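Numbering-wise, the sequence shown is residues 8 to 339 according to my numbering. From the three backbone atoms N, C-alpha and C, an ideal C-beta is built for every residue, glycine too. As the structure is a prediction and not an experimental result, all values here were calculated from the model. A short worksheet on the structure shown next.
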Amino acid sequence: MDASPPLPCIRLLATGGTIAGAHKDGGGYESAAISTETLLEAVPGLAAVAAIEVEQVAHIGSQDMDQKVWLKLAATAQQALDDPAIAGVVITHGTDTMEETAYFLNLVLKTDLPVVLVGAMRPATAISPDGPMNLYNAICVATHRESATRGVLVVSNDEIHFAREIAKSNTTQVGTFKSPNRGLAGFVNRGRLHFFGPTVLKHTSASEFAPCELTELPRVDIIYAYAGMPRDLIDASVQAGARGIVIVGVGAGNMNKSVQAVCSDAVKAGVAVVRSSRTGGGIVARNIEIDDDRAGFVVAEELNPAKARVLLMLGLSRGLNTAALQALFTIY
8 MDASPPLPCI RLLATGGTIA GAHKDGGGYE SAAISTETLL EAVPGLAAVA
58 AIEVEQVAHI GSQDMDQKVW LKLAATAQQA LDDPAIAGVV ITHGTDTMEE
108 TAYFLNLVLK TDLPVVLVGA MRPATAISPD GPMNLYNAIC VATHRESATR
158 GVLVVSNDEI HFAREIAKSN TTQVGTFKSP NRGLAGFVNR GRLHFFGPTV
208 LKHTSASEFA PCELTELPRV DIIYAYAGMP RDLIDASVQA GARGIVIVGV
258 GAGNMNKSVQ AVCSDAVKAG VAVVRSSRTG GGIVARNIEI DDDRAGFVVA
308 EELNPAKARV LLMLGLSRGL NTAALQALFT IY
C-alpha cells in the first residue's frame with residue numbers, strides 16, 4: 008500500500024486576543040491568557056488537516072496592537088512564507104483591530120501563498136466558544152490551493168473575507184465581520200471551501216510596498232467629524248507632528264467649512280489629508296460637495312477610515328505627493 012502524502016505544513020503565528028482569552032473571577036475575561044498549544048488541543052481533527060508549527064509573536068489584546076507589532080509580525084510572516092517547506096500562514100489575532108492588521112499585511116507581504124487571520128468573539132473558556140471552529144476553518148483555508156493568490160484573508164463564522172473589505176460591525180455577536188462594499192470572498196463549512204471570485208485590486212505579490220523593509224511608520228491621525236466640529240482638533244494633530252490626517256467625514260466624507268479651511272491649511276503645511284466616511288459603506292468621490300482639487304485633499308474611495316490610515320502611512324513612507332497618494336486608493 009502506498010504511503011499517504013505528507014500533510015501541508017502551516018506556520019501559526021499567535022498574537023493573543025479573545026480567541027486565547029479566559030474568564031476572570033468577578034466577571035469579564037483576560038485576552039491572551041491561554042497558550043496556543045492549549046487552543047490547538049481544543050480543536051478535534053486538526054492533526055488530519057495539517058502539520059502545524061507554532062510561533063508566539065505577541066501576547067496582547069488587539070486593542071494594544073500597534074505599528075511596532077505590525078512590523079514584527081510582517082517580518083515574521085515573511086520569513087515563514089519564504090520557507091519552501093511552508094504551505095501557508097495562519098495568524099491568531101483579536102477581532103478589535105484585525106481588519107487593520109489584515110489590510111497592512113495584505114500590502115506588505117510578498118507572497119502568493121495563503122495568509123489567513125482568525126480570531127473569536129468569545130473567550131476559549133466560554134460556554135460556547137467560537138474560536139475552535141474558526142481556527143479549524145482557518146487552517147483548512149490556509150492549506151487549500153484555491154486560497155493562493157487571493158491576498159490576505161480573514162476567516163470567521165464560516166465566512167471568508169478579503170482583508171481589504173472586512174470590517175467589524177458588532178460588539179458581541181459571533182457574526183460581527185461584514186464586507187459591506189464588495190462582499191464576501193467565500194464560505195468555508197467543515198473544511199470545504201466555496202470561493203466566489205478573486206479580488207481585482209493589488210495586494211501581496213503585486214504590491215509596491217512588499218516586502219516590507221520599514222523600521223517605523225509615519226504618524227497618521229484619524230479625526231471624527233460631527234455637527235459643530237471645531238477646527239482646533241486639526242490644529243492639535245498638526246502641532247503634534249502628524250504627517251497625515253484621515254477625516255472621518257459625515258455622509259460622503261463631508262465636513263463643515265471651518266474644518267475644510269483648516270484642513271486645506273494643513274495640506275499647505277505639508278500634511279496629507281484624506282477624506283473618508285463614517286457611514287460604514289459606500290464610496291467617497293472627488294469634487295462633489297468639496298473641491299478636493301483646490302483644497303489638495305485625497306479621497307478614500309471605498310476604504311474605511313482605519314484602512315485609509317494604513318494605506319496613507321505606507322504612501323507617506325515612500326514620500327508620495329497628493330496625486331500619487333490618490334492613485335493608491337484606486338488600485339489598492
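| Check | Outcome |
| --- | --- |
| Start and end of the alpha helix (DSSP H) containing LEU221? | Segment: none, LEU221 is in no alpha helix (DSSP H) and carries neither H nor E. |
| Given a threshold of 16 other Cβ atoms within 10 Å of its Cβ, counted over all protein chains shown, does SER244 qualify as buried or as exposed? | buried |
| On the DSSP bridge assignment, give the partners of HIS30 in chain order. | TYR36 |
| Just to confirm, is the Cβ distance from GLY126 to MET105 under 9 Å? | yes |
| Please list, in chain order, all residues of the same chain as MET8 whose beta carbon is under 6 Å from its beta carbon, the five residues on each side excluded. | Below a pLDDT of 50, predicted positions are generally treated as unreliable, and MET8, at 48, falls in that range; no measurement from the model is reported. |
| Hey, quick one: how far does the beta strand (DSSP E) through ALA58 stretch, first residue to last? | 58-67 |
| Is DSSP giving ASN196 helix, strand or coil here? | strand |
| Tell me the rounded alpha-carbon separation between LEU124 and LEU160. | 6 Å |
| Can you pull the DSSP bridge partners for ASP228? | ILE252 |
| State the start and end residues of the unbroken beta strand (DSSP E) segment that holds THR22. | 16-23 |
| With distance defined between alpha-carbon atoms, name the residue in ALA21, GLY277, ASP103 and VAL253 nearest to THR183. | ASP103 |
| Please classify TYR231 as buried or exposed, where buried requires at least 16 other C-beta atoms within 10 Å of its C-beta. | exposed |
| Could you tell me which of VAL64, HIS168, GLN85 and VAL317 sits nearest to ARG157, measuring between CA atoms? | HIS168 |
| Check for me: the alpha helix (DSSP H) holding THR43 runs from which residue to which? | 43-48 |
| To the nearest angstrom, report how far apart LYS75 and GLN63 are at their CA atoms. | 15 Å |
| Could you check whether ILE67 and GLY28 sit closer than 9 Å to each other, using their CB atoms as the reference points? | no |
| Based on DSSP bridge pairs, tell me the residues matched to PHE111. | DSSP output for PHE111 lists no bridge partner at all. |
| As a quick exercise: from LEU80, SER42 and ALA58, pick the residue whose alpha carbon is nearest that of PRO218. | LEU80 |
| Write down every uninterrupted run of the beta strand (DSSP E) in the region 138-186 whose length is 3 residues or greater and which is fully enclosed by it, in chain order. | 159-163 and 166-169 |
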